[in-house]
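Step one of this worksheet: look at the structure below.
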Amino acid sequence: MFQRVALLLLCLTACGGKRLPTGPGSPPDRTGDGWEVASFEDQGLQRSWFDWLEHDVAEGTVEEPDAVVVARDGRLVYERYWNGFKREDAHDLRSATKSLTSLLVGMAHERGLLPDLDAPVLSLLPHLLPVRNADPRKERITLRHLLQMRTGLACDDWNPDSPGNEERMADTDDWVRFIVDVPMQDEPGTVTRYCTGGVVLLGAALEHVSGRSVADLSREWLFAPLKVQDFAWQPAGKRGTDTGGHLRLRPRDFLKVGQVVLGGGEWQGERLVSGEWVAESGKALGPLGDAGYGLLWWSTRFVIQGVPVEVSFARGNGGQYVFIAPSLGLTAAFTASHYNEAGSSLPLELFGRYVLPAALGLERPGPEAAARK
(Lines of atoms letter the chains of each structure in order from A; the text may use other names.)
(Lines give C-alpha, C1' and ligand atoms only; values in the text may rest on other atoms or scores of the structure.)
Protein backbone atom coordinates (compact mmCIF):
# COMPACT_ATOMS: atom_id res chain seq x y z
CA MET A 19 0.00 0.00 0.00
CA PHE A 20 2.83 2.43 0.86
CA GLN A 21 4.44 1.85 -2.53
CA ARG A 22 1.12 2.47 -4.29
CA VAL A 23 0.53 5.73 -2.42
CA ALA A 24 4.10 6.83 -3.08
CA LEU A 25 3.71 6.14 -6.78
CA LEU A 26 0.51 8.17 -6.97
CA LEU A 27 2.07 11.06 -5.02
CA LEU A 28 5.01 11.01 -7.42
CA CYS A 29 2.56 11.13 -10.32
CA LEU A 30 0.69 14.02 -8.71
CA THR A 31 3.91 16.00 -8.44
CA ALA A 32 5.02 15.23 -11.97
CA CYS A 33 1.64 15.88 -13.58
CA GLY A 34 0.60 18.98 -11.70
CA GLY A 35 -2.68 17.30 -10.78
CA LYS A 36 -3.62 16.57 -14.40
CA ARG A 37 -4.96 13.31 -15.88
CA LEU A 38 -5.27 11.63 -12.48
CA PRO A 39 -8.04 9.07 -11.99
CA THR A 40 -10.89 9.04 -9.52
CA GLY A 41 -12.66 6.04 -8.06
CA PRO A 42 -11.67 3.44 -5.52
CA GLY A 43 -9.08 1.56 -7.59
CA SER A 44 -8.81 -1.87 -5.97
CA PRO A 45 -10.75 -3.25 -4.27
CA PRO A 46 -13.78 -1.39 -5.60
CA ASP A 47 -16.70 -0.38 -3.42
CA ARG A 48 -19.71 -2.58 -2.76
CA THR A 49 -22.69 -0.59 -3.97
CA GLY A 50 -25.53 -3.13 -3.94
CA ASP A 51 -25.53 -3.29 -7.74
CA GLY A 52 -24.92 -7.04 -7.83
CA TRP A 53 -21.13 -7.06 -8.06
CA GLU A 54 -19.06 -8.91 -5.52
CA VAL A 55 -15.70 -7.20 -5.05
CA ALA A 56 -12.18 -8.38 -4.30
CA SER A 57 -8.61 -7.15 -4.29
CA PHE A 58 -6.03 -7.84 -6.97
CA GLU A 59 -4.22 -10.14 -4.57
CA ASP A 60 -7.35 -12.16 -3.82
CA GLN A 61 -7.95 -12.74 -7.53
CA GLY A 62 -4.34 -13.31 -8.55
CA LEU A 63 -3.65 -10.14 -10.54
CA GLN A 64 -0.40 -8.20 -10.44
CA ARG A 65 -1.22 -4.78 -8.98
CA SER A 66 1.85 -3.08 -10.44
CA TRP A 67 0.45 -3.16 -13.97
CA PHE A 68 -2.52 -1.05 -12.92
CA ASP A 69 -0.26 1.37 -11.07
CA TRP A 70 1.71 1.79 -14.30
CA LEU A 71 -1.49 2.20 -16.30
CA GLU A 72 -2.45 5.16 -14.11
CA HIS A 73 1.10 6.51 -14.21
CA ASP A 74 1.34 6.29 -18.02
CA VAL A 75 -2.03 7.97 -18.51
CA ALA A 76 -0.99 10.76 -16.13
CA GLU A 77 2.29 11.23 -17.98
CA GLY A 78 0.58 11.26 -21.35
CA THR A 79 2.38 8.12 -22.50
CA VAL A 80 -1.00 6.69 -23.49
CA GLU A 81 -4.28 8.42 -24.25
CA GLU A 82 -6.80 8.98 -21.51
CA PRO A 83 -9.84 6.70 -21.14
CA ASP A 84 -13.02 7.75 -19.37
CA ALA A 85 -13.38 4.56 -17.33
CA VAL A 86 -11.70 1.20 -16.78
CA VAL A 87 -13.40 -1.54 -14.78
CA VAL A 88 -12.10 -5.10 -14.48
CA ALA A 89 -13.46 -8.32 -12.99
CA ARG A 90 -11.99 -11.75 -12.51
CA ASP A 91 -13.94 -14.91 -11.74
CA GLY A 92 -17.07 -12.84 -11.24
CA ARG A 93 -15.58 -10.36 -8.76
CA LEU A 94 -14.92 -6.73 -9.51
CA VAL A 95 -11.25 -5.94 -8.83
CA TYR A 96 -10.60 -2.51 -10.36
CA GLU A 97 -12.61 0.65 -11.00
CA ARG A 98 -11.18 3.99 -12.14
CA TYR A 99 -12.51 7.10 -13.92
CA TRP A 100 -10.93 10.02 -15.80
CA ASN A 101 -12.09 13.19 -17.59
CA GLY A 102 -14.55 14.09 -14.85
CA PHE A 103 -16.60 10.92 -15.27
CA LYS A 104 -18.01 9.24 -12.17
CA ARG A 105 -19.43 5.86 -11.32
CA GLU A 106 -23.01 7.04 -11.68
CA ASP A 107 -22.48 8.46 -15.18
CA ALA A 108 -23.97 6.43 -18.01
CA HIS A 109 -21.85 6.40 -21.16
CA ASP A 110 -22.80 6.25 -24.84
CA LEU A 111 -21.70 2.78 -25.96
CA ARG A 112 -21.98 3.57 -29.67
CA SER A 113 -21.69 0.36 -31.72
CA ALA A 114 -20.96 -1.85 -28.73
CA THR A 115 -24.76 -1.69 -28.54
CA LYS A 116 -24.85 -4.15 -31.44
CA SER A 117 -23.46 -6.94 -29.26
CA LEU A 118 -26.22 -6.42 -26.69
CA THR A 119 -28.72 -6.57 -29.54
CA SER A 120 -27.26 -9.96 -30.43
CA LEU A 121 -27.98 -11.17 -26.90
CA LEU A 122 -31.58 -9.91 -27.13
CA VAL A 123 -32.10 -11.66 -30.47
CA GLY A 124 -30.79 -14.86 -28.89
CA MET A 125 -33.23 -14.46 -26.00
CA ALA A 126 -36.10 -13.85 -28.43
CA HIS A 127 -35.06 -16.89 -30.47
CA GLU A 128 -35.06 -19.11 -27.40
CA ARG A 129 -38.47 -17.76 -26.30
CA GLY A 130 -39.98 -18.66 -29.66
CA LEU A 131 -40.51 -15.08 -30.82
CA LEU A 132 -37.91 -15.46 -33.57
CA PRO A 133 -37.86 -19.24 -33.93
CA ASP A 134 -36.23 -19.41 -37.36
CA LEU A 135 -33.09 -17.36 -37.89
CA ASP A 136 -33.21 -18.31 -41.56
CA ALA A 137 -36.61 -16.69 -42.04
CA PRO A 138 -36.63 -13.83 -44.58
CA VAL A 139 -36.74 -10.62 -42.59
CA LEU A 140 -39.31 -8.99 -44.88
CA SER A 141 -41.71 -11.85 -44.15
CA LEU A 142 -41.61 -10.71 -40.51
CA LEU A 143 -42.22 -7.07 -41.47
CA PRO A 144 -44.95 -7.26 -44.12
CA HIS A 145 -46.11 -3.71 -43.35
CA LEU A 146 -42.90 -2.45 -45.00
CA LEU A 147 -43.87 -3.91 -48.39
CA PRO A 148 -43.52 -2.87 -51.11
CA VAL A 149 -39.93 -1.69 -50.88
CA ARG A 150 -37.98 0.50 -53.25
CA ASN A 151 -35.24 -1.02 -55.38
CA ALA A 152 -37.14 -4.30 -55.41
CA ASP A 153 -34.87 -7.24 -56.09
CA PRO A 154 -35.41 -10.99 -55.61
CA ARG A 155 -32.19 -11.06 -53.58
CA LYS A 156 -33.68 -8.62 -51.08
CA GLU A 157 -36.45 -11.12 -50.37
CA ARG A 158 -33.78 -13.66 -49.40
CA ILE A 159 -32.21 -11.56 -46.61
CA THR A 160 -32.65 -13.46 -43.35
CA LEU A 161 -32.27 -12.67 -39.66
CA ARG A 162 -29.03 -14.64 -39.72
CA HIS A 163 -27.66 -12.46 -42.50
CA LEU A 164 -28.42 -9.36 -40.42
CA LEU A 165 -26.56 -10.86 -37.47
CA GLN A 166 -23.60 -11.74 -39.68
CA MET A 167 -23.39 -8.36 -41.50
CA ARG A 168 -23.91 -10.29 -44.75
CA THR A 169 -27.13 -8.77 -46.04
CA GLY A 170 -25.95 -8.14 -49.59
CA LEU A 171 -27.34 -4.61 -49.36
CA ALA A 172 -25.29 -1.72 -50.72
CA CYS A 173 -24.62 -0.71 -47.14
CA ASP A 174 -21.10 -0.09 -45.85
CA ASP A 175 -20.53 2.27 -42.94
CA TRP A 176 -16.81 2.31 -43.69
CA ASN A 177 -17.44 3.72 -47.17
CA PRO A 178 -18.84 7.27 -47.08
CA ASP A 179 -20.12 6.87 -50.65
CA SER A 180 -22.14 3.75 -49.85
CA PRO A 181 -25.90 4.23 -50.40
CA GLY A 182 -26.66 2.59 -47.04
CA ASN A 183 -23.99 4.36 -44.98
CA GLU A 184 -25.21 5.07 -41.44
CA GLU A 185 -24.63 8.81 -41.81
CA ARG A 186 -27.15 8.88 -44.66
CA MET A 187 -29.56 6.84 -42.56
CA ALA A 188 -29.18 9.20 -39.60
CA ASP A 189 -30.40 12.09 -41.75
CA THR A 190 -33.79 10.42 -42.27
CA ASP A 191 -36.89 10.25 -40.08
CA ASP A 192 -37.45 6.52 -40.56
CA TRP A 193 -34.29 4.45 -40.37
CA VAL A 194 -36.05 1.12 -40.92
CA ARG A 195 -37.72 2.35 -44.10
CA PHE A 196 -34.39 3.76 -45.24
CA ILE A 197 -32.51 0.48 -44.92
CA VAL A 198 -35.12 -1.76 -46.57
CA ASP A 199 -35.19 0.63 -49.53
CA VAL A 200 -31.40 0.50 -50.08
CA PRO A 201 -30.46 -1.30 -53.33
CA MET A 202 -28.85 -4.71 -53.36
CA GLN A 203 -25.18 -5.21 -54.19
CA ASP A 204 -24.54 -8.92 -53.62
CA GLU A 205 -26.29 -12.18 -52.91
CA PRO A 206 -27.13 -12.32 -49.17
CA GLY A 207 -24.70 -14.39 -47.15
CA THR A 208 -21.72 -13.93 -49.46
CA VAL A 209 -19.97 -10.65 -48.53
CA THR A 210 -19.38 -9.11 -45.10
CA ARG A 211 -19.87 -5.35 -44.84
CA TYR A 212 -20.23 -3.34 -41.66
CA CYS A 213 -23.82 -2.08 -41.83
CA THR A 214 -25.52 -0.48 -38.84
CA GLY A 215 -28.81 -0.28 -40.71
CA GLY A 216 -29.07 -4.05 -40.77
CA VAL A 217 -28.89 -4.17 -36.98
CA VAL A 218 -31.59 -1.48 -36.74
CA LEU A 219 -33.69 -3.77 -38.93
CA LEU A 220 -33.13 -6.58 -36.43
CA GLY A 221 -34.54 -4.36 -33.70
CA ALA A 222 -37.57 -3.57 -35.82
CA ALA A 223 -38.24 -7.28 -36.33
CA LEU A 224 -37.89 -7.90 -32.61
CA GLU A 225 -40.32 -5.12 -31.73
CA HIS A 226 -42.84 -6.17 -34.39
CA VAL A 227 -43.06 -9.85 -33.48
CA SER A 228 -43.16 -9.16 -29.74
CA GLY A 229 -45.45 -6.13 -29.82
CA ARG A 230 -43.15 -4.51 -27.27
CA SER A 231 -40.34 -1.98 -27.31
CA VAL A 232 -36.70 -3.01 -27.16
CA ALA A 233 -36.46 -1.00 -23.95
CA ASP A 234 -39.18 -3.11 -22.31
CA LEU A 235 -37.73 -6.39 -23.55
CA SER A 236 -34.21 -5.55 -22.47
CA ARG A 237 -35.43 -4.45 -19.04
CA GLU A 238 -37.22 -7.75 -18.45
CA TRP A 239 -34.79 -10.16 -20.07
CA LEU A 240 -31.41 -8.59 -19.36
CA PHE A 241 -31.21 -5.49 -17.22
CA ALA A 242 -33.55 -6.44 -14.37
CA PRO A 243 -31.66 -9.70 -13.67
CA LEU A 244 -28.40 -7.72 -13.79
CA LYS A 245 -29.76 -5.06 -11.39
CA VAL A 246 -29.25 -2.41 -14.05
CA GLN A 247 -31.58 0.53 -13.51
CA ASP A 248 -29.88 3.30 -15.48
CA PHE A 249 -30.05 2.51 -19.19
CA ALA A 250 -31.34 4.43 -22.18
CA TRP A 251 -31.95 3.33 -25.77
CA GLN A 252 -32.12 6.00 -28.45
CA PRO A 253 -34.72 6.35 -31.25
CA ALA A 254 -34.14 5.25 -34.82
CA GLY A 255 -35.19 8.55 -36.35
CA LYS A 256 -38.71 9.39 -35.26
CA ARG A 257 -39.89 5.83 -34.66
CA GLY A 258 -38.46 2.54 -33.44
CA THR A 259 -35.23 1.92 -31.55
CA ASP A 260 -31.60 2.35 -32.51
CA THR A 261 -30.38 -1.18 -31.81
CA GLY A 262 -27.20 -0.47 -33.77
CA GLY A 263 -25.74 2.11 -31.40
CA HIS A 264 -25.96 4.75 -28.69
CA LEU A 265 -27.30 2.66 -25.81
CA ARG A 266 -26.22 4.37 -22.57
CA LEU A 267 -24.95 2.29 -19.63
CA ARG A 268 -22.76 2.84 -16.60
CA PRO A 269 -19.34 1.16 -16.95
CA ARG A 270 -19.98 -1.24 -14.06
CA ASP A 271 -23.18 -2.32 -15.80
CA PHE A 272 -21.48 -2.57 -19.18
CA LEU A 273 -19.02 -4.96 -17.57
CA LYS A 274 -21.91 -7.16 -16.41
CA VAL A 275 -22.67 -7.89 -20.06
CA GLY A 276 -19.15 -9.21 -20.42
CA GLN A 277 -19.62 -11.33 -17.31
CA VAL A 278 -22.79 -12.86 -18.79
CA VAL A 279 -20.81 -13.86 -21.87
CA LEU A 280 -17.94 -15.17 -19.75
CA GLY A 281 -20.50 -17.20 -17.77
CA GLY A 282 -21.84 -18.82 -20.92
CA GLY A 283 -25.10 -16.90 -20.67
CA GLU A 284 -25.45 -16.93 -16.88
CA TRP A 285 -25.28 -14.16 -14.29
CA GLN A 286 -24.68 -15.34 -10.73
CA GLY A 287 -26.36 -18.66 -11.37
CA GLU A 288 -29.34 -17.33 -13.33
CA ARG A 289 -29.62 -18.40 -16.96
CA LEU A 290 -30.30 -15.43 -19.25
CA VAL A 291 -29.41 -16.88 -22.65
CA SER A 292 -28.11 -20.28 -23.70
CA GLY A 293 -24.47 -21.18 -23.76
CA GLU A 294 -24.96 -22.32 -27.33
CA TRP A 295 -26.03 -18.82 -28.37
CA VAL A 296 -23.08 -17.24 -26.62
CA ALA A 297 -20.66 -19.66 -28.26
CA GLU A 298 -22.13 -19.20 -31.74
CA SER A 299 -22.18 -15.42 -31.38
CA GLY A 300 -18.52 -15.25 -30.45
CA LYS A 301 -17.28 -17.66 -33.10
CA ALA A 302 -15.70 -15.74 -35.95
CA LEU A 303 -17.19 -16.45 -39.36
CA GLY A 304 -14.36 -14.55 -40.99
CA PRO A 305 -12.43 -11.28 -40.77
CA LEU A 306 -14.04 -7.85 -40.70
CA GLY A 307 -11.42 -5.13 -40.68
CA ASP A 308 -8.83 -5.86 -37.98
CA ALA A 309 -10.62 -8.70 -36.14
CA GLY A 310 -12.86 -11.70 -36.54
CA TYR A 311 -16.62 -11.26 -36.62
CA GLY A 312 -19.39 -13.58 -35.51
CA LEU A 313 -23.01 -12.69 -34.71
CA LEU A 314 -22.43 -9.01 -33.83
CA TRP A 315 -19.48 -9.94 -31.59
CA TRP A 316 -15.79 -9.47 -32.40
CA SER A 317 -12.87 -11.79 -31.62
CA THR A 318 -9.09 -11.68 -31.75
CA ARG A 319 -5.95 -13.26 -30.31
CA PHE A 320 -3.55 -11.35 -28.12
CA VAL A 321 -0.02 -12.67 -27.70
CA ILE A 322 1.42 -11.58 -24.36
CA GLN A 323 5.14 -12.29 -24.03
CA GLY A 324 4.65 -15.40 -26.15
CA VAL A 325 1.41 -16.51 -24.46
CA PRO A 326 -1.66 -16.57 -26.77
CA VAL A 327 -4.95 -15.40 -25.26
CA GLU A 328 -8.21 -15.72 -27.19
CA VAL A 329 -10.58 -12.81 -26.58
CA SER A 330 -14.07 -11.87 -27.69
CA PHE A 331 -15.31 -8.33 -27.38
CA ALA A 332 -17.88 -5.67 -28.13
CA ARG A 333 -16.62 -2.38 -29.51
CA GLY A 334 -17.94 1.09 -30.20
CA ASN A 335 -16.65 4.30 -31.74
CA GLY A 336 -14.70 6.49 -29.34
CA GLY A 337 -13.30 3.63 -27.28
CA GLN A 338 -16.27 1.69 -25.85
CA TYR A 339 -15.15 -1.92 -25.34
CA VAL A 340 -15.95 -4.90 -23.17
CA PHE A 341 -13.44 -7.77 -23.37
CA ILE A 342 -13.93 -11.41 -22.39
CA ALA A 343 -10.92 -13.70 -21.95
CA PRO A 344 -12.38 -17.09 -20.95
CA SER A 345 -9.04 -18.81 -20.32
CA LEU A 346 -8.26 -16.22 -17.65
CA GLY A 347 -11.76 -15.82 -16.19
CA LEU A 348 -11.36 -12.16 -17.07
CA THR A 349 -13.66 -9.37 -18.21
CA ALA A 350 -12.78 -5.70 -18.65
CA ALA A 351 -14.86 -2.71 -19.77
CA PHE A 352 -13.50 0.55 -21.12
CA THR A 353 -15.22 3.77 -22.07
CA ALA A 354 -13.59 6.78 -23.73
CA SER A 355 -14.39 9.92 -25.71
CA HIS A 356 -12.06 9.57 -28.70
CA TYR A 357 -14.85 9.68 -31.27
CA ASN A 358 -13.71 9.36 -34.88
CA GLU A 359 -10.09 9.51 -33.75
CA ALA A 360 -7.18 7.09 -33.70
CA GLY A 361 -7.72 6.87 -29.94
CA SER A 362 -10.95 5.02 -30.63
CA SER A 363 -8.94 1.79 -30.51
CA LEU A 364 -7.21 2.81 -27.26
CA PRO A 365 -8.81 0.02 -25.18
CA LEU A 366 -7.18 -2.63 -27.38
CA GLU A 367 -3.82 -1.15 -26.40
CA LEU A 368 -4.65 -0.74 -22.71
CA PHE A 369 -6.12 -4.21 -22.38
CA GLY A 370 -3.15 -5.85 -24.06
CA ARG A 371 -0.43 -3.72 -22.49
CA TYR A 372 -1.63 -3.65 -18.88
CA VAL A 373 -4.66 -5.82 -18.04
CA LEU A 374 -3.72 -9.11 -19.69
CA PRO A 375 -0.16 -9.13 -18.33
CA ALA A 376 -1.58 -8.47 -14.86
CA ALA A 377 -3.96 -11.40 -15.21
CA LEU A 378 -1.16 -13.64 -16.47
CA GLY A 379 0.92 -12.78 -13.39
CA LEU A 380 3.76 -11.34 -15.43
CA GLU A 381 6.31 -8.98 -13.91
CA ARG A 382 6.43 -5.34 -14.91
CA PRO A 383 8.40 -3.63 -16.42
CA GLY A 384 9.65 -5.68 -19.29
CA PRO A 385 9.86 -5.74 -23.09
CA GLU A 386 6.89 -4.87 -25.27
CA ALA A 387 4.02 -6.44 -23.36
CA ALA A 388 1.53 -7.34 -26.02
CA ALA A 389 0.94 -7.86 -29.68
CA ARG A 390 -2.20 -8.95 -31.51
CA LYS A 391 -2.36 -11.37 -34.35
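Residues in the sequence shown are numbered consecutively from 19, following the numbering used here. Where a beta carbon is used, it is the ideal one built from N, C-alpha and C, also for glycine. Small disclaimer: the values here were computed from a predicted structure and weren't measured.
In the structure shown, the three-state DSSP call for Y212 is coil.
Excluding five sequence positions before and after A332, the CB atoms of its chain that fall closer than 6 angstroms to its own CB belong to A114, S117, V340, given in chain order. Beta-bridge annotation (DSSP): P253 is paired with T259.
Per DSSP, the beta-bridge partners of H109 are L267. Between L267 and F249, the CB-CB gap stays under 7 angstroms. With 16 or more other Cβ atoms from the protein chains shown falling within 10 Å of its own Cβ, H264 counts as buried. Q203: not part of any beta strand (DSSP E); DSSP gives it neither H nor E.
Rounded to whole angstroms, the gap between the alpha carbons of Q247 and F241 is 7 angstroms. Residue environment: N177 is assigned as exposed (fewer than 16 neighbouring CB atoms within 10 Å of its CB, all protein chains considered).
Residue state for L122 is assigned as helix, using DSSP reduced to three classes.
In the structure shown, S317 falls within a strand segment according to DSSP collapsed to helix, strand and coil. Taking the Cβ atoms as the reference, G312 lies roughly 5 angstroms from S299, within the contact range of under 8 angstroms. In the DSSP annotation of this structure, the continuous segment of the beta strand (DSSP E) that includes A85 starts and ends at 85-90.
Nearest in C-alpha terms to L374, of all of A137, A343, N358, is A343. Around the Cβ of G310, a 10 Å sphere holds 16 or more other Cβ atoms; the residue is buried. Under the 10 Å beta carbon count, P365 is surrounded by 16 or more other beta carbons and is classified as buried. The way I'd put it, the segment 194-212 doesn't touch the segment 226-243; fewer than three beta-carbon pairs between them come closer than 8 angstroms. Approximately 5 angstroms separates the beta-carbon atoms of G337 and S362; this is inside 8 angstroms, confirming the contact. For L306, the three-state secondary structure derived from DSSP is strand. The C-alpha of F103 lies about 33 angstroms from the C-alpha of L165. Assignment of L374 by DSSP, reduced to helix, strand and coil, places it in the helix class.
One Cα belongs to V123, the other to D134, and the distance between them is close to 11 angstroms. P365: member of the alpha helix (DSSP H) spanning 364-368, first to last residue. For V80, the three-state secondary structure derived from DSSP is coil.
Just so you know, the alpha carbons of V279 and V296 end up roughly 6 angstroms apart. Take the alpha-carbon of G262 and the one of L161: they are about 14 angstroms apart.
Rounded to whole angstroms, D74 and N101 show a C-alpha spacing of 15 angstroms. Here DSSP, grouped into helix, strand and coil, assigns F103 to coil. The Cβ-Cβ distance between A222 and G258 falls below 7 angstroms.
If the five residues before and after T353 are omitted, its C-beta is found closer than 6 angstroms to the C-beta atoms of D84, A85, H109, P269, Q338, all from its own chain and listed in chain order. Contact annotation: L111 and W53 have beta-carbon atoms that are not nearer than 7 angstroms.
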